[in-house]
Amino acid sequence: MQKTTKEKQISTSVLVIGTGGSGLRAAIELAELGTDVLAVGKRPRHDAHTSLAAGGINAALGTMDQEDSWQQHAADTIKESYFLADPRTVEIVARGAAAGIADLERYGMGFAREEDGRISQRFFGAHTFRRTAFAGDYTGLEIQRSLVARSHQLEIPILDTVYITNLLVSENKVFGAYGFDLNNGTRYLIHADAVILAAGGHNRIWRRTSSRRDENTGDSFRLAVEAGARLRDPELVQFHPSGIIEPESAAGTLISEAARGEGGILTNALGERFMARYDPERMELSTRDRVALAAYTEIKEGRGTANGGVWLDVSHLPREQIMERLPRVYQTMLEVQMLDITQEKIEIAPTAHYSMGGVWVNPTDHATDVAGLYAIGEASSGLHGANRLGGNSLIELLVFGRIVGQEAANYSASLGAQVRSAPAVAEARGNVDGLLAADGTENVRALQRAIRDLMTEHAGVVRDEQGLRAGLEKLAVIEARIQNVGIHPDIAGYQDLAHAFDLLSSALSARATLEAALERRETRGCHNRSDYPQLDPELQVNLVWSPTNGITREPIPEIPQEIRELIREVSVAGKLVE
């Protein structure tokens, strides 16, 4: 079978892996600079994960509050990160945010506007001023549409069904990637001067997650680490308080926090409005991490529903209010559960939502430890620390997509010759051949589920030493079972092979997360250690992980004075928006 396998060889100056917001923005920058670029993705470009982002995109435009500034945006970001964000990365994003919005306008994005034509901006929790621009409750979708349209104008070649299995590296320099077509198995050998990783995070390795099936399985993490890069803060994962529980195929689908903002009430199985125990002043209008922790505690202590959740009820609100202010929530619940939220309660539980850690990158240009390899978006790290400021993820895509596109173009232009390595290509081919020939008894999907179960049980909203060590023991057993998988491509395509590589990525990401969570013996932001409930000043560091060197502690640079003096407590009253 392998002898007759078709293989296409492609050469380009820069290869972009991932066709969500960050990948497309980098590809656009490269094309506008006149640099040859190819973008590949494992799901259709219109359906990339970016399209699910609802809330908005941050920039200190001052259209609503003229006293806002990039310095205040930076200060809010650093404070919300529990002082784990890199101040240099934060400053670059805050300074470059307005240009990112201008880029989107140039691409034709339709922002919500005031009557006089100004871009409208609204509050998000923990922001000092109104600085979140938006397009209805589908901002991410509109951004993705705009980027796809601009990519089409520039005639950027995009391969929507190519799964990248390996980065090609020789003497610590990247020279391309290897992969296959998900539909027909055609192999792709792609030579490139530089590679930009924009393939998302790893929150799909939990049982309940806002990511859809087969996305955010840790692809970027595995590709980078196997190429010689490292991960930073993989344990810092944001849990959203309200993901649905059923059906299994939709578990984790988000119910917008706007449902609580409009007056939704949270109750446990006993009918108690439990937020009175955790934040009696703000109740359901408390912050995302606090509500998630409260719901988790209720469930863990036996006051949850039979399915392991709590209730979110908006049925007491006027039907008109629900239809006008929560239309997507109404439609989603009708579609997935045939449930009318104007009449019935919604069963929810905390769900893994966002990877705040990721591939280690240089704070200014997002270069990795491997020459010519860059990482951006949720694949990267440095901006969010231990808690992401709402609305920052989308602007990060625009700012660093532009910067990394420029950096990759310059790197490509600086090369005297393109490095190549026959042994590296042979190894990549062999990795695919080996899995295709695998005829073991272990089922890939069952092992994926086993990882998701252990991460949910041992590395969820609340962690402790005993649980994390138990998780590592279970993971070692799964890693051994992975050696005995069976792969069965069929007439429907090569999805089974893709799932096997997803499994390898998930296992690596799970190990990094568990080991880093064990090392961070404190409670900080999203990371709750029941055995270490206090914040530890000694752990105001980034934890950098590699499979060979384990974990090292990386100090965080000093915050510039003009930003530090603006860090203050910010009221969240009336600002609860997703």
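In the working numbering, the protein residues as written are 763 to 1340. No residue lacks a Cβ here, since even glycine has one placed at the ideal position from N, Cα and C. Because the structure is a prediction, the values reported are computed rather than measured.
(request) Could you check if residue 770 is buried or exposed, using at least 16 other CB atoms within 10 Å of its CB as the buried criterion? (result) Along the sequence shown, one-based indexing puts residue 770 at 8. Exposed is the call here.
(request) Would you check if there are 3 or more beta carbon pairs closer than 8 Å linking the stretch 779 to 786 to the stretch 949 to 962? (result) Contact holds: three or more Cβ-Cβ distances are below 8 Å.
(request) Classify residue 1203 as buried or exposed, calling it buried when 16 or more other Cβ atoms lie within 10 Å of its own Cβ. (result) Position 441 of the sequence shown holds residue 1203. Exposed, because fewer than 16 other Cβ atoms sit within 10 Å of the Cβ of residue 1203.
(request) Enumerate in chain order the residues of its own chain whose CB-to-CB distance from residue 1327 is below 7 Å, with the five nearest sequence positions on each side excluded. (result) The count along the sequence shown starts at 1 and reaches residue 1327 at position 565. Correct list: empty, nothing qualifies.
(request) Report the three-state DSSP secondary structure of residue 768 (helix, strand or coil). (result) For the purposes of this step, residue 768 is taken as the residue at position 6 of the sequence shown. Residue 768 falls in the coil class under three-state DSSP.
(request) Could you work out which residue in 816, 787, 844, 862 is closest to residue 823 when comparing CA atoms only? (result) Residue numbering aside, residue 823 sits at position 61 when the sequence shown is read from its first letter. If we check each option's Cα against that of residue 823, 862 comes out closest.
(request) Grab me the residues of residue 825's own chain with a C-beta within less than 6 Å of its C-beta, minus the 5 sequence neighbours each way, in chain order. (result) Stepping through the sequence shown from its first residue, residue 825 is reached at position 63. Contacts found: 880, 881, 883.
(request) Helix, strand or coil for residue 927, going by three-state DSSP, please let me know. (result) Along the sequence shown, read from residue 1 onward, the residue named residue 927 stands at position 165. Here residue 927 sits in strand by DSSP.
(request) Measure the C-alpha to C-alpha separation of residue 1024 and residue 842 and round it to an integer number of angstroms. (result) Residue mapping note: residue 1024 aligns to position 262 of the sequence shown, counting from 1. Residue mapping note: residue 842 aligns to position 80 of the sequence shown, counting from 1. Rounded to whole angstroms, residue 1024 to residue 842 spans 24 Å at the Cα level.
(message) Are the CB atoms of residue 1167 and residue 866 within a distance shorter than 7 Å?
(response) For the purposes of this step, residue 866 is identified with residue 104 of the sequence shown, where counting begins at 1. For the purposes of this step, residue 1167 is identified with residue 405 of the sequence shown, where counting begins at 1. No, Cβ-Cβ distance for residue 866 and residue 1167 is not below 7 Å.
(request) Return the chain-ordered list of same chain residues with a C-beta closer than 8 Å to the C-beta of residue 765, the five sequence neighbours on each side being excluded. (result) For this step, residue 765 is matched to residue 3 along the sequence shown. Any reading at residue 765 needs caution, since the residue's pLDDT is 46, under 50, leaving its predicted position unreliable; the model's value is listed next. Once the five neighbours on either side are set aside, residue 765 has no close Cβ partner at all.
(request) Within the stretch 1030 to 1080, note down every full beta strand (DSSP E) run reaching 3 residues or more, in order along the chain. (result) 1072 to 1075
(request) Take residue 1056 as the anchor and find which of 804, 1294, 1290 has the nearest alpha-carbon. (result) What you label residue 1056 is simply residue 294 of the sequence shown in a count that begins at 1. Selected option, being the one with the closest Cα: 1290.
(message) residue 1181 and residue 1265 - do their beta-carbons sit closer together than 7 Å?
(response) Locating residue 1265 in the sequence shown gives position 503, counting from the first residue. Locating residue 1181 in the sequence shown gives position 419, counting from the first residue. Here residue 1265 is not near residue 1181, since their CB atoms are 7 Å or more apart.
(request) Entirely within the stretch 808 to 850 and at least 4 residues each: give me those alpha helix (DSSP H) ranges in chain order. (result) DSSP assignment within the stretch 808 to 850 yields the following whole alpha helix (DSSP H) runs of 4 residues or more, N-terminal first: 832 to 842.
(message) For residue 1250, count the other beta carbons within 10 Å of its own beta carbon; 16 or more makes it buried, fewer makes it exposed. Which is it?
(response) By 1-based counting over the sequence shown, the position of residue 1250 is 488. The residue is exposed, with fewer than 16 neighbouring Cβ atoms inside 10 Å.
(request) Measure from the alpha carbon of residue 1177 to the alpha carbon of each residue in 1211, 1134, 1063, then state which is nearest. (result) The count along the sequence shown starts at 1 and reaches residue 1177 at position 415. Of the listed residues, the one whose Cα sits closest to residue 1177 is 1134.
(request) Run through the stretch 944 to 998 for me and flag every whole alpha helix (DSSP H) of 4 or more residues, listed as ranges in chain order. (result) 981 to 989
(message) Between 1077, 1254, 935, which has its C-alpha nearest residue 1104's C-alpha?
(response) Here residue 1104 refers to the residue found at position 342 when the sequence shown is read from its first residue. When each option's Cα is compared against that of residue 1104, the closest is 1077.
(message) Give me the DSSP bridge partner(s) of residue 1341.
(response) Here the chain covers residues 763 to 1340 and nothing more, so residue 1341 does not appear.
(message) Bridge partners for residue 1234 per DSSP, in chain order?
(response) Position 472 of the sequence shown, counted from the start, is the residue given in the question as residue 1234. None; residue 1234 has no bridge partner.
(message) Between residue 984 and residue 1306, how many whole angstroms is the CB-CB distance? I'm expecting something under 8 Å.
(response) In the sequence shown, counting from the first residue as 1, residue 984 sits at position 222. In the sequence shown, counting from the first residue as 1, residue 1306 sits at position 544. No, residue 984 and residue 1306 are not in contact; Cβ-Cβ is about 17 Å, not under 8 Å.
(request) Identify every residue that forms a DSSP beta bridge with residue 1304. (result) Locating residue 1304 in the sequence shown gives position 542, where the first residue counts as 1. DSSP output for residue 1304 lists 1316 as bridge partner(s).
(request) State the CB to CB distance for the pair residue 1278 and residue 995, rounded to an integer number of angstroms; the pair is presumed to be in contact (CB under 8 Å). (result) Counted from its first residue, the sequence shown places residue 1278 at position 516. Counted from its first residue, the sequence shown places residue 995 at position 233. With a Cβ gap of about 7 Å, residue 1278 and residue 995 count as contacting.
(message) Within 7 Å of any Cβ in chain C, is that where the Cβ of residue 1323 sits?
(response) In the structure shown, chain C does not exist; there is a single protein chain.
(request) Could you name the residues that DSSP lists as bridge partners for residue 1107? (result) One-based indexing of the sequence shown puts residue 1107 at position 345. Note: residue 1107 sits in no beta bridge, so no partner.
(message) Using C-beta distances below 7 Å, list every residue in its chain close to residue 850, excluding the 5 sequence neighbours before and after it, in chain order.
(response) On the sequence shown, position 88 is the one that residue 850 refers to. Close CB contacts of residue 850 within its chain, under the 7 Å cut and outside five residues either way in sequence, are with 1125, 1126, 1319 (chain order).
(request) Taking all protein chains shown into account, decide if residue 837 is buried (16 or more other Cβ within 10 angstroms of its Cβ) or exposed. (result) Along the sequence shown, one-based indexing puts residue 837 at 75. With 16 or more Cβ atoms within 10 Å of its Cβ, residue 837 is classed as buried.
(request) Out of 1114, 929, 1241, point me to the one whose CA is closest to residue 968's CA. (result) Within the sequence shown, residue 968 is the residue found at index 206, counting from 1. The option with the nearest alpha carbon to residue 968 is 1114.
(request) Answer yes if the stretch 887 to 897 comes into contact with the stretch 1227 to 1243, meaning at least three C-beta pairs across the two stretches below 8 Å, and no otherwise. (result) No, the stretch 1227 to 1243 is not in contact with the stretch 887 to 897.
(request) Give the single residue among 1186, 1263, 1302 whose Cα lies nearest to the Cα of residue 932. (result) The residue labelled residue 932 in the question sits at position 170 within the sequence shown. Nearest option by C-alpha distance: 1186.
(request) Report the rounded CA-to-CA distance for residue 1330 versus residue 852, giving the unit in angstroms. (result) What you label residue 1330 is simply residue 568 of the sequence shown in a count that begins at 1. What you label residue 852 is simply residue 90 of the sequence shown in a count that begins at 1. Residue 1330 and residue 852: Cα-Cα distance of roughly 16 Å.
(request) With DSSP collapsed to three states, give me the class of residue 1027. (result) For the purposes of this step, residue 1027 is taken as the residue at position 265 of the sequence shown. If DSSP states are grouped into helix, strand and coil, residue 1027 belongs with the strands.
(request) Kindly list the residues whose CB is nearer than 7 Å to the CB of residue 1321, restricted to its own chain and excluding five residues on each side of it in sequence; keep chain order. (result) Here residue 1321 refers to the residue found at position 559 of the sequence shown. Answer for residue 1321: 840, 849, listed in chain order.
(message) For the pair the stretch 801 to 809 and the stretch 908 to 928, tell me if three or more CB-CB distances fall below 8 Å.
(response) yes
(message) Can you look up residue 1201 in the DSSP assignment and give me helix, strand or coil?
(response) Position 439 of the sequence shown, counting from 1, holds the residue named residue 1201. Note: residue 1201 maps to strand in three-state DSSP.
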